[in-house]
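Student:
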Amino acid sequence: MFSYTSIKEYHSFLATNPDGCLLAVKHYLAAIEEKKHLNAFLEVFADEALQRATDLDKQRNDGLPLGRLHGVVVSLKDVICYKGHVVTAASKILDKFESVYSATAVERLLAEGAIIIGRNNCDEFAMGSSSENSAFGIVKNAADTERVPGGSSGGSAVAVQADLTMISLGSDTGGSVRQPADFCGIIGMKPTYGRISRYGLIAYASSFDQIGIFGKNLTDVAIALEVMSGEDNFDSTASPKPVEQYAAHATKEPSGKRIAYFKQVLDHPGIDPEIKVATENYIQTLKAKGFIVDAINFDWLDYIVPTYYILTTAEASSNLSRFDGVRYGHRHTEGIDDLNEMYKQSRSKGFGKEVQRRILLGSFVLSAGYFDAYFTKAQQVRRLLSDNTTKIFQEYDAIISPTVPSPAFKLGEKSDDSVAMYLADIYTVYANLVGIPAISLPLFKHSNGMPFGLQLMTNHFDEELLFALSNSFIAANE
Ligand code: GLN
161 MFSYTSIKEY
171 HSFLATNPDG
181 CLLAVKHYLA
191 AIEEKKHLNA
201 FLEVFADEAL
211 QRATDLDKQR
221 NDGLPLGRLH
231 GVVVSLKDVI
241 CYKGHVVTAA
251 SKILDKFESV
261 YSATAVERLL
271 AEGAIIIGRN
281 NCDEFAMGSS
291 SENSAFGIVK
301 NAADTERVPG
311 GSSGGSAVAV
321 QADLTMISLG
331 SDTGGSVRQP
341 ADFCGIIGMK
351 PTYGRISRYG
361 LIAYASSFDQ
371 IGIFGKNLTD
381 VAIALEVMSG
391 EDNFDSTASP
401 KPVEQYAAHA
411 TKEPSGKRIA
421 YFKQVLDHPG
431 IDPEIKVATE
441 NYIQTLKAKG
451 FIVDAINFDW
461 LDYIVPTYYI
471 LTTAEASSNL
481 SRFDGVRYGH
491 RHTEGIDDLN
501 EMYKQSRSKG
511 FGKEVQRRIL
521 LGSFVLSAGY
531 FDAYFTKAQQ
541 VRRLLSDNTT
551 KIFQEYDAII
561 SPTVPSPAFK
571 LGEKSDDSVA
581 MYLADIYTVY
591 ANLVGIPAIS
601 LPLFKHSNGM
611 PFGLQLMTNH
621 FDEELLFALS
631 NSFIAANE
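Note that the sequence shown covers residues 161 to 638 in our numbering.
1) Straight-line CA distance for residue 440 to residue 339?
2) Which residues does DSSP list as the beta-bridge partners of residue 454?
3) With the cut-off set at 8 angstroms, would you say residue 201 and residue 568 are in Cβ contact?
4) Within a Cβ cutoff of 7 angstroms, which residues of the same chain sit near residue 583, ignoring the five residues on either side of it in sequence?
5) Determine the direct distance from the alpha carbon of residue 246 to that of residue 489, and round the result to whole angstroms.
6) Can you tell me whether residue 415 is helix, strand or coil according to DSSP?
7) According to DSSP, what are the bridge partners of residue 618?
8) Would you kindly report the start and end of the unbroken alpha helix (DSSP H) that includes residue 466?
9) If you measure from the CB of residue 364, is any heavy atom of ligand 1 nearer than 7 angstroms?
10) Please identify the residue among 395, 341, 250 whose C-alpha is closest to the C-alpha of residue 373.
11) Going by other Cβ atoms of all chains shown within 10 Å of its Cβ, with 16 needed for buried, is residue 608 buried or exposed?
12) For residue 197, count neighbouring C-beta atoms within 10 Å of its own C-beta (all shown protein chains included) and say buried if the count is 16 or more, exposed if not.
13) Less than 8 angstroms between the C-beta atoms of residue 289 and residue 311, yes or no?
14) Should residue 586 and residue 525 be called a contact, given that it needs their Cβ atoms to be closer than 8 angstroms?
15) Am I right that residue 365 and residue 476 are in contact with their C-beta atoms under 8 angstroms? What's the rounded C-beta distance?
16) Measuring from the CB of residue 334, is there a heavy atom of ligand 1 at a distance below 7 angstroms?
17) For the beta strand (DSSP E) that residue 349 lies in, which residues bound it at each end?
18) Out of 510, 612, 558, which has the shortest C-alpha to C-alpha gap to residue 591?
19) Considering residue 332, what are the terminal residues of the beta strand (DSSP E) in which it resides?
20) Using only the heavy atoms of ligand 1, determine whether one of them is closer than 7 angstroms to the beta carbon of residue 349.
21) When every heavy atom of ligand 1 is checked, does at least one fall within less than 7 angstroms of the C-beta of residue 472?
22) If you pair each beta-carbon of the region 218 to 231 with each one of the region 166 to 186, do three or more pairs fall below 8 angstroms?
23) So residue 589 packs on residue 335, CB below 8 angstroms; how close in whole Å?
24) By Cβ distance, which residues of its chain are closer than 7 angstroms to residue 503, with the 5 residues on each side in sequence left out?
25) Taking the C-alpha atoms as reference points, what is the distance between residue 495 and residue 255?
26) What first and last residue would you give for the alpha helix (DSSP H) that runs through residue 433?
27) Quick one: Cα of residue 302 to Cα of residue 390, how far?
28) In three-state terms, what does DSSP make of residue 605?
29) Would residue 616 and residue 603 be called neighbours here (beta carbons separated by less than 8 angstroms)?
30) Buried or exposed for residue 400, please, with buried defined as at least 16 other CB atoms from any protein chain shown within 10 angstroms of its CB.
31) So, does the region 350 to 361 touch the region 264 to 282, judging by three or more C-beta pairs under 8 angstroms?
32) CB-CB under 8 angstroms to residue 463, same chain, minus the five flanking residues each way: which ones, in chain order?
33) How would you write the range of the alpha helix (DSSP H) that residue 294 sits in, first residue to last?
34) Taking the alpha-carbon positions, what's the residue 436 to residue 560 distance?
35) The alpha helix (DSSP H) spanning residue 372 covers which residue range?
This is the structure:
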């Protein structure tokens with residue numbers, strides 16, 4: 161029977177198993193079928209994955225050079241383009257739409273020998289915190305199927321959680337990788353804004369979006385990051401900074417041990433008491449291990465969720481204007497003889513409620529009479545946060561917090577209350593507002609049986625330290 165722990169161990173398994181990739185793919189195809197009720201996959205590329213596994217096995221058996229992700233099985237959130245494959249952003253408006261090119265991240269995975277096994281369900285256009293906004297049904301948490309897996313990359317998180325793939329990709333605009341990783345008890349990492357090219361990632365809010373990685377161990381995530389990172393002619397926001405040895409740092413001693421946490425985060429009235437206590441106890445553990453951990457003031461906690469939702473909806477209203485029934489996907493023509501009416505009907509029928517709400521909200525905050533009061537103000541807050549972050553990193557190497565104020569909530573519990581849902585993002589949106597890298601580490605368990613995590617953030621492009629600290633943080637908890 162095939163079982164998976166890490167890319168490293170899988171590669172030693174392959175060294176003595178001539179049909180190892182094929183065995184792995186068959187194993188995952190069976191598991192996906194068996195766990196269908198979780199609805200983590202919108203499509204499985206079964207035949208293609210089997211063929212690719214056979215080809216990769218042959219490549220290895222012929223003694224040819226192998227990629228760093230040789231035979232590694234990966235699934236993609238349904239907002240990441242893969243040439244010749246359907247991509248829908250879990251929306252009816254893109255139903256059956258086929259990508260005409262692959263995302264740079266996907267090209268790079270494939271170039272290193274990865275096997276793409278399918279596309280994962282998510283909140284429509286990556287808008288949501290529970291994966292209940294998909295046009296193709298909700299995703300369930302494998303640890304408790306009455307609970308949400310988090311969102312918006314819920315399907316990608318569950319795919320790793322339930323052993324349906326080795327690693328998966330999500331996108332993180334305000335926490336959509338870290339929050340579901342927290343709810344599912346796995347690792348979820350969002351790199352610095354600009355570390356991974358966004359080319360081929362369906363845009364939600366372009367100045368926030370980053371592709372992120374889910375995995376069961378740190379080194380796997382670090383290897384995937386190394387492979388996907390770096391300059392890209394197709395995305396001018398992808399940084400030309402050299403890609404460092406993230407995987408090597410995932411087993412090294414951290415070069416910095418000064419950690420800050422925001423006092424207001426742990427004092428927030430919305431935090432689950434057990435999460436507060438676990439984090440406080442963990443801070444004591446870190447201190448005992450020689451870390452300096454200081455509480456610092458953060459006076460803007462109540463502003464970050466509104467700021468995030470003003471700026472992201474503004475960007476979304478512009479990004480999503482391309483889905484007009486003409487250029488992509490769903491077009492509504494029945495009984496319509498007027499162009500404007502066709503746009504209206506296509507968009508009203510094609511987009512779900514949450515996406516419509518955000519387009520409306522975004523158009524509102526950008527409208528002439530309200531632009532300064534909302535959009536400009538929010539940009540100012542973003543700048544303030546950014547300046548403050550620079551100051552924090554002059555004194556500290558990293559910031560920690562819980563990833564989410566509550567453990568995975570029940571299906572339907574927050575779906576009628578947008579504000580309650582938006583507040584689930586209170587600890588994660590900060591990293592996107594200021595563009596720093598962040599990771600959720602699965603360190604804790606709630607008395608209700610659900611896992612929850614610790615969020616760790618470092619300075620821009622300090623992914624090396626992020627991995628080194630994560631390594632010691634996981635060890636400190638053992
Ligand atoms: N939950 C947040 C939102 O709905 C984050 C989404 C994301 O990171 N894609 O906007």
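Glycine included, C-beta positions come from ideal geometry on N, C-alpha and C.
Tutor: Inspection of the coordinates gives the following:
1) Within the sequence shown, residue 440 is the residue found at index 280, counting from 1. Within the sequence shown, residue 339 is the residue found at index 179, counting from 1. Going from the Cα of residue 440 to the Cα of residue 339 covers about 20 angstroms.
2) Here residue 454 corresponds to residue number 294 of the sequence shown, with the count starting at 1. DSSP lists 420 as partners of residue 454.
3) As a working mapping, residue 201 is identified with position 41 in the sequence shown. As a working mapping, residue 568 is identified with position 408 in the sequence shown. Against a cut-off of 8 angstroms, the Cβ pair of residue 568 and residue 201 comes out as no contact.
4) Mapped onto the sequence shown, residue 583 falls at position 423. Excluding sequence neighbours, residue 583 sits near 430, 465.
5) Looking up residue 489 in the sequence shown gives position 329. Looking up residue 246 in the sequence shown gives position 86. Going by the C-alpha atoms only, they are around 11 angstroms apart.
6) The residue labelled residue 415 in the question sits at position 255 within the sequence shown. Reduced to three states, the DSSP call for residue 415 is coil.
7) In the sequence shown, the residue the question calls residue 618 occupies position 458. DSSP lists 558 as partners of residue 618.
8) Numbered from 1 along the sequence shown, position 306 holds the residue referred to as residue 466. Residues 461 to 479.
9) The residue you call residue 364 lines up with position 204 of the sequence shown. Residue 364: yes, Cβ under 7 angstroms from ligand 1.
10) Within the sequence shown, numbered from 1, the residue matching residue 373 stands at position 213. Closest by alpha carbon: 341.
11) In the sequence shown, counting from the first residue as 1, residue 608 sits at position 448. Burial call: exposed.
12) Numbered from 1 along the sequence shown, position 37 holds the residue referred to as residue 197. Classification of residue 197: exposed, given that the 10 Å Cβ count is below 16.
13) Within the sequence shown, the letter at position 129 stands for residue 289. Within the sequence shown, the letter at position 151 stands for residue 311. The answer is yes: Cβ separation under 8 angstroms.
14) Here residue 586 is taken as the residue at index 426 of the sequence shown, counted from 1. Here residue 525 is taken as the residue at index 365 of the sequence shown, counted from 1. No.
15) Sequence index remark: in the sequence shown, residue 365 carries index 205 (1-based). Sequence index remark: in the sequence shown, residue 476 carries index 316 (1-based). Correct: roughly 6 angstroms between the Cβ atoms.
16) As a first step, residue 334 must be located in the sequence shown, where it is residue number 174. Residue 334 Cβ: within cutoff of ligand 1.
17) Residue mapping note: residue 349 aligns to position 189 of the sequence shown, counting from 1. Where residue 349 is concerned, the enclosing beta strand (DSSP E) stretches over 347 to 350.
18) In the sequence shown, counting from the first residue as 1, residue 591 sits at position 431. That would be 558, whose Cα lies nearest to the Cα of residue 591.
19) Position 172 of the sequence shown, counted from the start, is the residue given in the question as residue 332. First-last of the beta strand (DSSP E) with residue 332: 327 to 332.
20) The residue labelled residue 349 in the question sits at position 189 within the sequence shown. Checking the Cβ of residue 349 against ligand 1 gives no.
21) In the sequence shown, the residue the question calls residue 472 occupies position 312. Yes, since a heavy atom of ligand 1 falls inside the 7 angstroms radius drawn around the Cβ of residue 472.
22) yes
23) The residue given as residue 589 occupies position 429 in the sequence shown. The residue given as residue 335 occupies position 175 in the sequence shown. Sure, about 6 angstroms apart at Cβ, within 8 angstroms.
24) Reading the sequence shown from its first residue, position 343 is the one you call residue 503. Counting only Cβ-Cβ distances below 7 angstroms, and skipping sequence neighbours, we find 484, 485.
25) Start at 1 with the first residue of the sequence shown, and residue 495 comes out as number 335. Start at 1 with the first residue of the sequence shown, and residue 255 comes out as number 95. Going by the C-alpha atoms only, they are around 21 angstroms apart.
26) One-based indexing of the sequence shown puts residue 433 at position 273. Here the alpha helix (DSSP H) through residue 433 covers 433 to 448.
27) As a working mapping, residue 302 is identified with position 142 in the sequence shown. As a working mapping, residue 390 is identified with position 230 in the sequence shown. Near 34 angstroms, if we compare the C-alpha coordinates of residue 390 and residue 302.
28) Here residue 605 corresponds to residue number 445 of the sequence shown, with the count starting at 1. Three-state DSSP puts residue 605 in a strand.
29) Mapped onto the sequence shown, residue 616 falls at position 456. Mapped onto the sequence shown, residue 603 falls at position 443. In this structure, residue 603 does not lie closer than 8 angstroms to residue 616 by Cβ.
30) Your numbering for residue 400 matches position 240 in the sequence shown. Residue 400 should be labelled exposed.
31) yes
32) The residue given as residue 463 occupies position 303 in the sequence shown. The answer, listed in chain order, is 541.
33) Residue 294 sits at position 134 when you count from the first residue of the sequence shown. Residue 294 -> no alpha helix (DSSP H), and no H or E assigned at all.
34) One-based indexing of the sequence shown puts residue 436 at position 276. One-based indexing of the sequence shown puts residue 560 at position 400. Going from the Cα of residue 436 to the Cα of residue 560 covers about 13 angstroms.
35) Indexing the sequence shown from 1 puts residue 372 at position 212. Counting along the chain, residue 372 falls outside any alpha helix (DSSP H), though it belongs to the beta strand (DSSP E) covering 370 to 375.
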